[in-house]
Amino acid sequence: MRRIKVTVDGKTHEHEVEPRLLLIHYLREVLGIGGAHSGCDTSNCGACTILMNGESVKSCTVLAVQADGEDIMTVQGLAKNGEWHPVQTAFHEAHGLQCGYCTPGMIMATISLLKEKPNPSEEEIREGLEGNLCRCTGYENIVKAVKQAAGSPVS
Ligand code: FES
Ligand code: FES
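The sequence shown: position 16 = 15 (numbering that gives the first Met the number 0), numbered continuously.
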């Protein structure tokens with residue numbers, strides 16, 4: 000077992016974990032953060048996307064021990080003072096979700112994309128989110144949501 004100290008959504012946690020434990024399973028099963036979804040555990044779907052030190056990462060590709068000392072943000076940490084993050088608002092208003100399974104990962108990947116490119120073209124949006132799959136095939140509205148969120152303060 001290894002002791003890790005990780006900040007998740009602004010709160011610091013310390014736990015003894017098995018070295019093989021994936022970060023997605025640490026978030027969901029140890030911390031109870033159900034907003035980080037697990038879709039494939041093989042880095043294909045993007046449902047598990049979180050921000051690690053501000054950059055989007057598929058949390059099924061990272062071991063919990065690799066997150067030791069790092070700053071993690073999940074979809075559950077985005078709202079501030081009861082107000083949604085602008086990207087959450089845009090996904091809601093543009094109907095950028097159907098069943099919602101892919102949505103946490105899409106939102107986190109969008110934040111990362113908009114940090115890098117505040118006003119991306121449609122092609123850049125589609126390319127930026129190509130690692131995130133939507134089983135409901137709601138891509139048109141997802142792209143609309145990202146366009147709506149473009150230019151918002153996303154940090
Ligand atoms: S659960 Fe991580 S990419 Fe699918
Ligand atoms: S909204 Fe259902 S998987 Fe994307």
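Ideal Cβ placement from N, Cα and C applies to all residues, glycine included.
Assign residue i to one of two classes, buried (16 or more other C-beta atoms within 10 Å of its C-beta) or exposed (fewer than that).
{"i": "residue 52", "result": "exposed"}
{"i": "residue 57", "result": "buried"}
{"i": "residue 85", "result": "buried"}
{"i": "residue 127", "result": "buried"}
{"i": "residue 120", "result": "exposed"}
{"i": "residue 24", "result": "buried"}
{"i": "residue 152", "result": "exposed"}
Do residue j and residue i count as a contact pair if the criterion is CB distance below 9 Å?
{"i": "residue 46", "j": "residue 3", "result": "no"}
{"i": "residue 35", "j": "residue 75", "result": "yes"}
{"i": "residue 65", "j": "residue 96", "result": "no"}
{"i": "residue 77", "j": "residue 101", "result": "no"}
{"i": "residue 20", "j": "residue 29", "result": "yes"}
{"i": "residue 17", "j": "residue 27", "result": "no"}
{"i": "residue 111", "j": "residue 69", "result": "no"}
{"i": "residue 154", "j": "residue 114", "result": "yes"}
{"i": "residue 137", "j": "residue 44", "result": "no"}
Assuming residue i contacts residue j (C-beta within less than 8 Å), just tell me the rounded distance between them.
{"i": "residue 72", "j": "residue 49", "result": "6 Å"}
{"i": "residue 145", "j": "residue 109", "result": "5 Å"}
{"i": "residue 98", "j": "residue 135", "result": "5 Å"}
{"i": "residue 118", "j": "residue 149", "result": "5 Å"}
{"i": "residue 37", "j": "residue 60", "result": "Between residue 60 and residue 37 the Cβ distance is about 12 Å, and since that is not below 8 Å, they are no contact."}
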